[in-house]
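Numbering (the UniProt record's numbering), first residue to last: 1 to 240. Ideal Cβ positions, reconstructed from N, Cα and C, are used throughout, including at glycine.
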């Protein structure tokens, strides 16, 4: 008895023809082993992959969300000019339409833009950033090297102040003798700020030297004086 819908061979369609080249390959060697890596350009590489049906075809969206094409938000970008009056649905504090009052990063005003209608902030550009698996976990994604320039400028200012303090100390005769160190009270201040405890000893001095012998160990005779721990003295002893 035949099933409705035709035979199994009829629904599958014609069998694809096998090229002689595919018969020469070993079927037990995967394509990622038999072929060269993807980062090596090979113009003679064949395009017919007999394991193509087992691979995930990368879509356009997956390609855009990859780590190489990862996007980030435009910091400080605004959309259009500032508004002249408060708009419904905007932030009650600054008047921007990009966020709500609980997400506002400006200082809390005594009277918000909703009630005063003045000093309306511009709308920030909110980009639709779609991150893939790798881009979402990339700790350097969105990093701007220009931000580190502020740290470099701060260190340069400290070095400049130390140099000026050294010149003032040498002019007043308070220098350290030409060893390059900063002299004077300003030099001590800058040295204390930049030393970070490196010149301090690793172990601090305790109340008692470890070379000192305890008093109750001076005489170990059983008939000797008795040590009183409350007063930390030796009782009934001639040398106490």
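Is residue i near residue j, with beta carbons less than 7 Å apart?
{"i": "residue 228", "j": "residue 235", "result": "yes"}
{"i": "residue 142", "j": "residue 72", "result": "yes"}
{"i": "residue 74", "j": "residue 125", "result": "yes"}
{"i": "residue 113", "j": "residue 78", "result": "no"}
{"i": "residue 86", "j": "residue 95", "result": "yes"}
{"i": "residue 120", "j": "residue 88", "result": "no"}
Quick one: what's residue i bridged to in DSSP?
{"i": "residue 78", "result": "124"}
{"i": "residue 108", "result": "Looking at the DSSP assignment, residue 108 forms no beta bridge with any residue, so it has no partner."}
What is the DSSP secondary structure of residue i, reduced to helix, strand or coil?
{"i": "residue 218", "result": "coil"}
{"i": "residue 227", "result": "strand"}
{"i": "residue 27", "result": "coil"}
{"i": "residue 87", "result": "coil"}
{"i": "residue 211", "result": "coil"}
{"i": "residue 163", "result": "helix"}
{"i": "residue 155", "result": "helix"}
{"i": "residue 96", "result": "coil"}
{"i": "residue 141", "result": "coil"}
{"i": "residue 71", "result": "coil"}
{"i": "residue 119", "result": "coil"}
{"i": "residue 168", "result": "helix"}
{"i": "residue 22", "result": "With a pLDDT of only 44 at residue 22, under 50, the local geometry of the prediction cannot be trusted, and no value is derived from it."}
Along the beta strand (DSSP E) that carries residue i, what are the first and last residues, could you check?
{"i": "residue 236", "result": "It is not in any beta strand (DSSP E) - residue 236 carries neither H nor E in the DSSP assignment."}
Could you tell me if residue i is buried or exposed, where buried requires 16 or more neighbouring beta carbons within 10 angstroms of its beta carbon?
{"i": "residue 90", "result": "buried"}
{"i": "residue 41", "result": "Residue placement at residue 41 is poorly supported in this model, since its pLDDT is 49, which falls under 50; the coordinates are not used for a value here."}
{"i": "residue 100", "result": "exposed"}
{"i": "residue 152", "result": "exposed"}
{"i": "residue 145", "result": "exposed"}
{"i": "residue 233", "result": "exposed"}
{"i": "residue 102", "result": "exposed"}
{"i": "residue 162", "result": "buried"}
{"i": "residue 43", "result": "Per-residue confidence for residue 43 stands at a pLDDT of 46, beneath the threshold of 50, marking its modelled position as unreliable; no derived number is given."}
{"i": "residue 214", "result": "exposed"}
{"i": "residue 165", "result": "buried"}
{"i": "residue 135", "result": "buried"}
Starting from residue i, follow the alpha helix (DSSP H) in both directions and report where the run begins and ends.
{"i": "residue 115", "result": "113-116"}
{"i": "residue 134", "result": "133-136"}
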